[in-house]
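J.: First the structure, then my questions, so here it is.
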Amino acid sequence: MVRSLQNIIRFIILLTIALPINHLTAQNQTFLHYTSCDGLPSAFIYQIMQDSNGFIWICTDAGLSKFDGYHFTNYVNDPDDTLSISGRVVRTIRELPGQGFLAGTFGGLDLFDPLYGSFHKINLSNTTHQINLVFDFQIVEEGDLWIADRNGLYY
């Protein structure tokens, strides 16, 4: 009798837990679709990041784009402008609190100054070659910069 009472209690507890789960339904999510017709420099996207001001930054194979929720502002490489982003392909971006952004491109690593909307290329020379094709980078807790390019990892 004690055993059957324990089984009944377990069954009631299981029903109490399981029944609400059966009534849960997935929320329908509506997605908007943005392309180059809407202002993106390209639909081929490598990375998306939201900054501390709420802007969405999109790294593409044709430049960097900032989205304010309504419009895209594009930053593309201009070989005649030393203050433009250094590479056409932008693979990754990181925010540096209070200092702007670092963007990893197929032209190198750039520091973006949001106040002036300009880029400044960071010299990444190595004893064997120039680090130009930045696939990814990370700034670790100690402030050291790690960079991945086509020839390996640099620290």
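For the sequence shown, the working numbering assigns the number 75 to the initial residue and increments by one for each residue that follows.
Here a beta-carbon is modelled for each residue, glycine too, at the ideal position from N, C-alpha and C.
Quick caveat: nothing in here was measured; it's all calculated off a predicted structure.
Where does Asp-187 fall in DSSP's three states?
T.: DSSP places Asp-187 in strand when its eight states are reduced to three.
J.: Let me know if Trp-220 comes out buried or exposed under the rule of 16 or more other beta-carbons within 10 Å of its beta-carbon.
T.: By the 10 Å Cβ count, Trp-220 comes out exposed.
J.: Which whole runs of the beta strand (DSSP E) in the region 148-185 are 3 residues long or more, in chain order?
T.: Here the runs fully enclosed are 164-170, 174-179.
J.: Rounded to whole angstroms, what is the Cα-Cα separation between Gly-178 and Arg-84?
T.: So the two alpha carbons sit approximately 57 Å from each other.
J.: So the beta strand (DSSP E) Gln-121 belongs to, where does it begin and stop?
T.: Where Gln-121 is concerned, the enclosing beta strand (DSSP E) stretches over 119-124.
J.: Flag this pair as touching only if the region 162-172 and the region 190-199 have three or more C-beta atom pairs under 8 Å; answer yes or no.
T.: Touching, no.
J.: Tell me where the beta strand (DSSP E) around Ala-136 begins and ends.
T.: Run containing Ala-136: none; DSSP gives neither H nor E here.
J.: For the ligand GDP, I want to know if Asp-142 counts as a neighbour, meaning its beta carbon is within less than 7 Å of at least one of the ligand's heavy atoms.
T.: The ligand GDP is not among the ligands present in this structure, which contains no ligands whatsoever.
J.: Give me the DSSP bridge partner(s) of Gly-113.
T.: DSSP output for Gly-113 lists no bridge partner at all.
J.: Alpha carbons only, please: which of Asn-206, Glu-215, Gly-113 is nearest the one belonging to Leu-227?
T.: Here the closest residue by C-alpha is Asn-206.
J.: Measuring CA to CA, which of Glu-169, Thr-134, Asp-187 is closest to Pro-115?
T.: Minimum Cα distance to Pro-115 is reached at Thr-134.
J.: With H, G and I counted as helix, E and B as strand and the rest as coil, what does DSSP make of Gln-204?
T.: Strand at Gln-204.
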